[in-house]
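Q: Protein chains in written order, with my numbering: chain U, 311 to 836; chain C, 95 to 1101. For each residue, glycine too, the CB sits at the ideal point set by N, CA and C.
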Amino acid sequence: MKHKIIILSALVVAAGCTKLDEHLGSQTTAGSGSSGGVTATNILAGTYDAMRGPYQDQSRVWAMQQHTSDETIGPTRAGDWDDNGVWRVLHSHQWDPNHGFLADTYRDLGRVVFSATDLLRLSPTPQQAAEGRLLRAMAMFSLVDGWDQVPYRENTANSEEVPKVRKGTEALAYIITELTAIIPDLPVGPAKQANKDAARVLLMKCLLNKGVIASRATPTFAAADMNQVIALADQVMTSSRGYALESNYFDAYAPTNDAISKEDIWTAENIGGSSSGNVRSRWFCGLHYNQNPSGWNGFTTLSDFYGKFEATDKRRGGSTYPGMDKGISPGFLIGQQKTYKKATSPGAFPYAPLDSNLSDRTGAPLIFTAQVKLVETGSDLERTGIRVMKYPIDYTGGDNSNNDYVYFKISDVILMKAEAILRGGTATANPATFGGSNTALGQVNFLRTHASRGASALASLTLDNLLDERGRELYWESWRRQDLIRFGKYLNAWQEKPASDPKRLIFPIPSRSLAANPNLVQNPGY
Amino acid sequence: MSCKNLLKSAAVVILLCVSQLVIAQERVVTGRVTDSKDNAGVPGVTITPKGTKTGTQTGSDGSFRISVGSGVSVLVFTSIGYATQEVDIAGKSTVEVSLVVSNAQLGEVVVTGYGTARRKDITGSISSLKVKDFNKGVQTAPDQMMQGKVAGVQVLNNSGAPGGGTTVRIRGASSIRAGNTPLFVVDGVQLQNTNIRPDVGLTDVGGGTPSGNPLNFINPNDIVSMDILKDASAAAIYGSRGANGVVLITTKRGQTGIPKVELNASFGVSKILKQLEVLDGDEYRAALGEFGFPTTVNSATVPTANFGDNVNAMDEILQTAHIQNYNVAVSSGNDAARYRISMGYLDQEGIIQKTDFKKFSTAITANFRMLESKKLGLDMNLLTTQTQEHVAPISNTAGFKGSLIGQALFWNPTRSLKNPDGTLNILYGSDNINPLAYNEAYFDNPKVTTVIANIAPSYKITKDLEYKMQYSLTYSTGVRKQYTTAYINITDVAIDATSGKGGEANVAENQLTTNQITHTLSYVKDITAKINLNAVAGYEYLKTKFSGNSMYARRFIPTDKPYYYFMASSDPTTRREYGFANPTEELQSYFGRAIVNMSNKYIITATIRADGSTKFGENNKYGYFPSFAGAWFIGREDFMNGIKVIKDLKIRAGWGITGNQEFPGGQSIITYGLSGANPATFQQNTIANPDLKWEENQTFNVGLDFTLFNKLNFIVDYFNKNTTNILFPREAADPVTPNSAVKWVNLPGELNNKGVEATISGNIIRKNDFSLDLSINGTFLSNKITGFGALQIPTGEVSGQGLSGAYAQLLINDQPLNTFYLKKFIGIDKTSGISLYEGGEEKFLLGSANPDVLLGFTINAAYKKFSLEAAMNGAFGHYIYNNTANATTSFNNLGKRNIGKAELELARSLGEKPVNPTSASSRYLEKGNYMKMGNATISYSIGSIGKSIKGANVYLTGQNLFILTDFTGFDPEVNVSKPLNGIPSFGMEYVPYPTARTFTIGINFSL
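#1: Residues of chain C with a CB under 8 Å from the CB of Ile-581(U): which are they?
#2: Could you confirm whether any beta carbon from chain C is found closer than 8 Å to the beta carbon of Ser-604(U)?
#3: Using a Cβ-Cβ cutoff of 8 Å, what residues of the stretch 676-701 of chain C are near chain U? List them in chain order.
#4: For the structure I just gave you, are there three or more beta carbon pairs, one from the stretch 411-430 of chain C and one from the stretch 279-292 of chain C, closer than 8 Å?
#5: Starting from the N-terminal side, write out each stretch of the alpha helix (DSSP H) that is 4 residues or longer and does not extend beyond the stretch 236-300 of chain C.
#6: Within a Cβ cutoff of 6 Å, which residues of the same chain sit near Ile-549(C), ignoring the five residues on either side of it in sequence?
#7: Below 8 Å on the Cβ atoms is my guess for Thr-339(U) versus Ile-764(C); work out the distance and round it to an integer in Å.
#8: Taking the straight line between their C-alpha atoms, what separation do you get for Gly-363(U) and Gly-587(U)?
#9: Secondary structure at Lys-506(U), three-state DSSP: helix, strand or coil?
#10: Using beta carbons (cut-off 8 Å, strictly below), is His-333(U) in contact with chain C?
#11: Kindly say whether Thr-479(C), judged by its beta-carbon, lies nearer than 8 Å to any beta-carbon of chain U.
#12: Ala-739(U) and Gly-746(U) - do their beta-carbons sit closer together than 8 Å?
#13: For a cutoff of 8 Å on Cβ pairs, would you count Ala-353(U) as touching chain C?
#14: With C-beta atoms as the reference, is Glu-598(C) less than 8 Å away from Ala-647(C)?
#15: Can you round the beta-carbon distance between Thr-607(C) and Lys-541(C) to whole angstroms, since I take them to be within the 8 Å contact cut?
#16: If you draw a straight line from the C-alpha of Pro-784(C) to the C-alpha of Asn-408(U), how long is it?
#17: Measure the C-alpha to C-alpha separation of Ala-1030(C) and Leu-948(C) and round it to an integer number of angstroms.
#18: Which ranges would you report for the alpha helix (DSSP H) in the stretch 977-1024 of chain C if only whole runs of at least 4 residues count?
#19: Quick test of the definition: if touching needs 3 or more C-beta pairs under 8 Å, does the stretch 575-592 of chain C touch the stretch 592-600 of chain U?
#20: Taking the straight line between their C-alpha atoms, what separation do you get for Tyr-705(U) and Met-634(U)?
#21: Does DSSP put Lys-648(U) in a helix, in a strand, or in coil?
#22: To the nearest angstrom, how far is it from the Cα of Gly-989(C) to the Cα of Ala-399(C)?
#23: Using a Cβ-Cβ cut-off of less than 7 Å, list which residues of the stretch 656-667 of chain C approach chain A; keep chain order.
#24: Go ahead and label Val-831(U) buried or exposed: buried means 16 or more other beta carbons lie within 10 angstroms of its beta carbon, across all protein chains shown.
#25: Please list, in chain order, all residues of the same chain as Ala-211(C) whose beta carbon is under 8 Å from its beta carbon, the five residues on each side excluded.
#26: For Asp-301(U) versus Gly-781(U), is the C-beta distance shorter than 8 Å?
#27: Applying a beta-carbon distance threshold of less than 9 Å, which residues of chain U neighbour Gln-286(C)?
#28: For the structure I just gave you, are there three or more beta carbon pairs, one from the stretch 1062-1074 of chain C and one from the stretch 173-192 of chain C, closer than 8 Å?
#29: Look up Gln-610(C) in the DSSP assignment and give the residues it is bridged to.
#30: Strictly below 7 Å CB to CB, what residues from chain C border Gln-375(U)?
#31: Give me, in chain order, the residues of the same chain whose beta-carbon lies closer than 6 Å to that of Ala-486(C); leave out the 5 immediate sequence neighbours on both sides.
#32: If we define contact as Cβ-Cβ less than 8 Å, is Val-396(U) a contact residue for chain C?
#33: Which same chain residues, not among the five before or five after Asn-802(U), have their C-beta less than 7 Å away from its C-beta?
#34: Apart from the five residues just before and just after Ser-192(C), which ones in its own chain have a Cβ nearer than 7 Å to its Cβ?
#35: Cβ of Ala-423(C) less than 8 Å from any chain U Cβ?
#36: Check each candidate in Ser-455(C), Asn-846(C), Thr-831(C) and Lys-741(C) and name the one with the smallest Cα separation from Thr-801(C).
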């Protein structure tokens, strides 16, 4: 009897020796030997992928730079686009630390920082490391620009680490050091890869905004920084990449821009039909439901901004673009909207005769009007506001449009150089490809009067008309807020927005980020 | 002992010896066991020849057949809930036995997990349901059978979909993120609360369709009892899986005797219980005019104008649903071997056209007593089920195009769903989708196959000590094939004019495998005349693997065949392939329990379980879960002798710790995930937490059992349950990994659930021909979060046009879970016609989604051969967010879509204008109070027909007969899953599959 119990007890105990180590299924661990799969190459690919969300989605960096500016508004249209007020508070500068999109932007930019730092842990080649560091510098630049505080991890393998924070000028100095260090290891091109010229342009942006980051309300511009901006611009303009202004302003944004554009310096690669960021939100956000493709009938520009363009300015649009439905042209959409494609079989969008006038959902003619209010209450509420088609529509890519998303293009370099000269830098001549002028006015006029732009020459260059010119050249490209702050206009009143409190020059640290990290401090006034 | 009894006993002993030697000398006794009050057959009554240990059980109609040794003269009839009865069978071959309900149910045996105990020895809070207690009619899963029947237990059908998901909560919600569903255990096999059916998303119109019920594979007809362990002293034996309570399901076993066949068949019809009233064509036309919209057609592309017709789109997608259900079981056996084989078939149509739920189930159980000594036992059972469904395109998170129900509600009622030539009227170029066409275009056929194989040898080492080993393998696979044809006007699905291609298809499969090995040693002995010990000790190992793969593609060449046949012919750029395998979960446990009964007056129970899990962090591999409880039978003390009013008074008190470990694996260590193809990318999955451990529940329970006036049985419990170490995917400090922004942590706060639950049952009237029984259970609950500091967690996503980013609920300190947090609607500005809110954009805490009171009410009446059972259930004191009224039928949709009648009337009375922006607010927050007539059955006992048919019984059951409520949606019994960042919502309603009212007629008999 006793023996039996002992044997059984032994059995029970013997059975109980399982070691409780996790078998990870489809997940894997990094590092040594057996793990195999995780390499610097695919972490770097992951870092590029992490850039897509914050820069291409309509509710991230783009919203933070555009909706808070005089170029863009997200009107509430009765049942549409109320969205708990998220768009209204951006335009009217009424956001708080719980604003979902601002918090998500802060987080998504941090993800790039995390991924690039993780890459550096996994023995990358010098070029891979440099690419990762450029992506990280870009994300950090957006963070310091928006929130002034950049949290970072020293070791992404230490999950106990409380991220430290670099603030303001310290963060910017770190970015400048990083960029300077990595240029030798970066490749020359192509545009879709983190490249030497991309680092140079980002460095120009850092130097141009250095005094702004130091004091956003009263920025000063050091001549040494401006001269460095000019020198970098000259390096980029003479780069072996062979930049030039193309014949059609919208080629830089076209579905095939990776093949045809000579203006793009740095882009995010989007592969049509298979892998892309949300670049298509750039046209979906404004198109009416009854247009082709059926859009979201949301964001518009404001009439004052539209009014800054001359009628001849081709950047304003109005011409058809190869491959696009001829009822929709790139640029600004105003007035009666038409359909061009005729449906040949059920299912085609839209099912209407050739070249007929479109109606809105209430049956009224679909006429986009210039005037728009933050809260639309009239019977025309579906139709107010001028729509913006910066990117020619890719009709074939489905969810994944082929248009590479543009971070930097050569015209921005021309305008930054002119600005640096205007702000006290020593002028140098532009290369012949860009007109050869050695004055800021001449350089800007070369751009304006180029056949692809078609505007008239300016008589003189002032900070005010240079800011306007940056708007005309770079509208809806996520630079407007930064530019308005640098030019001291961000707190002004404009259409559908009163003058705002100086605290609005910096976004609040999102509540959830603040709660998770004691090293972050809430920005003044929030 | 009198001389006569002594002789009798001696005779029995001698005869027993003889009978064991001379087995051939047997005779057969047949008969029927009925309930003394209504003469209804009592199933599951154990019949043993006095002095022996093996016997048989009655069938579903109460009839039995037993072979007894020729010397046996007395049969003992025992059944839970009835007084044990001994019947003299000397010289009889048939007996009719009438059992009397035992008041305190003290003789009952209760399944306690890893063993059984006498009801009188129970110190914790355990409710037991037998076949006669189960809800009748169409029940696809066992949890529905206990709705409204057990105090402290809330069972919600999340929607009206056949086979649809349920929400089961025992004593409130004690967890934020780790799940509140109790652990279900079938014949000792622990189930994983994993939905095997793969999810598919609805292209363009919304997210996934709602989940099915993971318990669908169990055939309710195979269940003999369910024991619900509600407090920690009962559930702590399940350690880190016991925090939400445990439901122990026991299936039917074979009975001794010649093979007996039991059959039942039922047929039913269902119709929608309640329609939401939207405008009809005339009202719509009038409203268009009244509010200044064009009332004549001016363009083929304006889907909102007046088209002259008068249609009710909801009616067009509904049907009268038919249901059939058949069950056959054969059982037989003898002293050494018994078996039961059963098969079931359920074919249930849904009230939405093309939807149905079919279940094919088989169960085989065999029980053997081996060796001459009968010391070696072997129990085996094999359960296999396949469920097949056709699912409607209904989404929990439909956007502005609505999913099927939304589309039917806001379809322009002046516009015909069909063209004059009979084809479907599809509005190409419009975002208004014809619900009839969408339902026609959408095919979705998930199948889930489940096999449980279970083998349990046991050996009686001594008379008191038994060793048992149980090994089980549970394997489930879910396959889902879905496609949408090219002819529907949904973006990315609609046929492309240039290429002539369109449509979309999904193929997905999931697999879940669980291995469980349990060793137990149990010891039951009367240590002295006054002290009885019931102890068990054991070891258990559980291993679960879950993995799946899926494919999605678009742009097919349209054919009349399912598009998923031609995945290879889809457009390659649209194809998406997915695969996953969750980290293998292993749980290793040691446990023990001892129940000591002293003088049948004082009982003490102690349990302990140690659980080690692969999911726990390196620094917290093992958790320990103790419990202690005691009971005192005051009623048996001498000083209670003279008291007549209160009888059988028993007081129970217990304390214990249980755990919850329902969180994803791989959270305690750094892991990487691979995703994408172009290019493939690796990223860290989450921020790892090596300290991660189980969630802990401390429960204190005091209970009182007594009988008043010899008639009314009371069971009253007070409980106080405190959850600490709350498992939560907390926002991690930036910068975070691209794959996740959270770190799973044990939050510092607490979640408290306390309350009182009471069951009062009794036989109110008992006359010769008539009896009336009542049972009422009530639960008073309160729920509160404390120690959260400034932490605020939003959930309850509000969906629909213009509502992106809106949510309705907040988890915040000092409030119940899922407290509504909304703008306060105070009226309409008379000039602008736009909503006014108190404090503008400010939001307020406006009450909780958790009911304060749950009620269950069951009445049983019998008159001669007729009997009536009616069961109601209800919940009170909570709120429901009506997202349907907010987004789908709201007034400001006028001019674009149809709207609700009530919304129009309200808008008129308030002076609202159609330009009023949509906003989530208290305007759509409604009181959820309801009382539902869930189940009513009239049956007539025919008895025997001819020689072969026995115990025939016909019945008519009505389900969801009516609801008493002020809630304006389809059904206040609803829980549409609207999580935000993975935090579950509760009390949200959004265009669900509507509830059905069902009538079933059926017959049972045996051969």
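A: According to the structure data:
#1: In chain order: Asn-772.
#2: Ser-604(U) counts as touching chain C.
#3: Taking 8 Å as the Cβ-Cβ cut-off against chain U, the residues of the stretch 676-701 of chain C that qualify are Asn-676, Pro-677, Thr-678, Glu-680, Gln-682 and Tyr-684.
#4: The stretch 411-430 of chain C vs the stretch 279-292 of chain C: no contact.
#5: Positions of the alpha helix (DSSP H) runs, each at least 4 residues long and wholly inside the stretch 236-300 of chain C, are given as 236-239 in order along the chain.
#6: So the list reads Met-474 and Tyr-565, once near-sequence residues are dropped.
#7: Between Thr-339(U) and Ile-764(C) a beta carbon distance of about 6 Å is seen, short of the 8 Å cut, so the two are scored as contacting.
#8: Rounded to the nearest angstrom, the two C-alpha atoms are 7 Å apart.
#9: Under the three-state reduction of DSSP, Lys-506(U) is assigned to helix.
#10: So yes, His-333(U) belongs to the interface.
#11: Judged by the 8 Å Cβ criterion, Thr-479(C) is not in contact with chain U.
#12: For Gly-746(U) and Ala-739(U), yes; Cβs fall inside 8 Å.
#13: Note on residue identity: the sequence assigns Ile, not Ala, to residue 353(U). Answer yes: the Cβ-Cβ gap between Ile-353(U) and chain C drops below 8 Å somewhere.
#14: Inclusion of Glu-598(C) and Ala-647(C) in the CB contact set at 8 Å is warranted, their separation being smaller than that value.
#15: Not confirmed; about 17 Å, so no contact.
#16: Straight through space, the alpha carbons of Asn-408(U) and Pro-784(C) are spaced by roughly 30 Å.
#17: Whole-angstrom Cα-Cα distance: 19 Å.
#18: Scanning the stretch 977-1024 of chain C from its first residue to its last, the whole alpha helix (DSSP H) runs of 4-plus residues come out as 995-1004.
#19: Contact between the stretch 575-592 of chain C and the stretch 592-600 of chain U is not established, with fewer than three Cβ pairs separated by less than 8 Å.
#20: Spanning the two alpha carbons is a distance of roughly 8 Å.
#21: Residue state, collapsed to three classes: strand.
#22: The alpha-carbon of Gly-989(C) is positioned some 8 Å away from that of Ala-399(C).
#23: Looking at the structure shown, chain A is missing, and the protein chains on hand are U and C.
#24: Burial call: exposed.
#25: The residues are Val-203, Val-204, Asn-628 and Ile-689.
#26: Absent from the model: residue 301(U). The displayed extent of chain U is 311 to 836, so no value can be given.
#27: In chain order: nothing, as chain U lies at least about 15 Å away.
#28: The stretch 1062-1074 of chain C, when compared against the stretch 173-192 of chain C, does not touch it at the 8 Å Cβ threshold.
#29: DSSP lists Ser-566(C) and Leu-636(C) as partners of Gln-610(C).
#30: Ordered by position in chain C, no residue passes the 7 Å Cβ test against Gln-375(U), which lies about 19 Å from the chain.
#31: These residues qualify, in order along the chain: Ile-446, Thr-449 and Leu-498.
#32: Interface residue, yes.
#33: Counting only Cβ-Cβ distances below 7 Å, and skipping sequence neighbours, we find Ala-809.
#34: The beta carbon of Ser-192(C) is closer than 7 Å to those of Thr-128 and Ser-130 in its chain, skipping five residues each way along the sequence.
#35: Output row for Ala-423(C): interface = no.
#36: Among Ser-455(C), Asn-846(C), Thr-831(C) and Lys-741(C), the Cα nearest to that of Thr-801(C) belongs to Lys-741(C).
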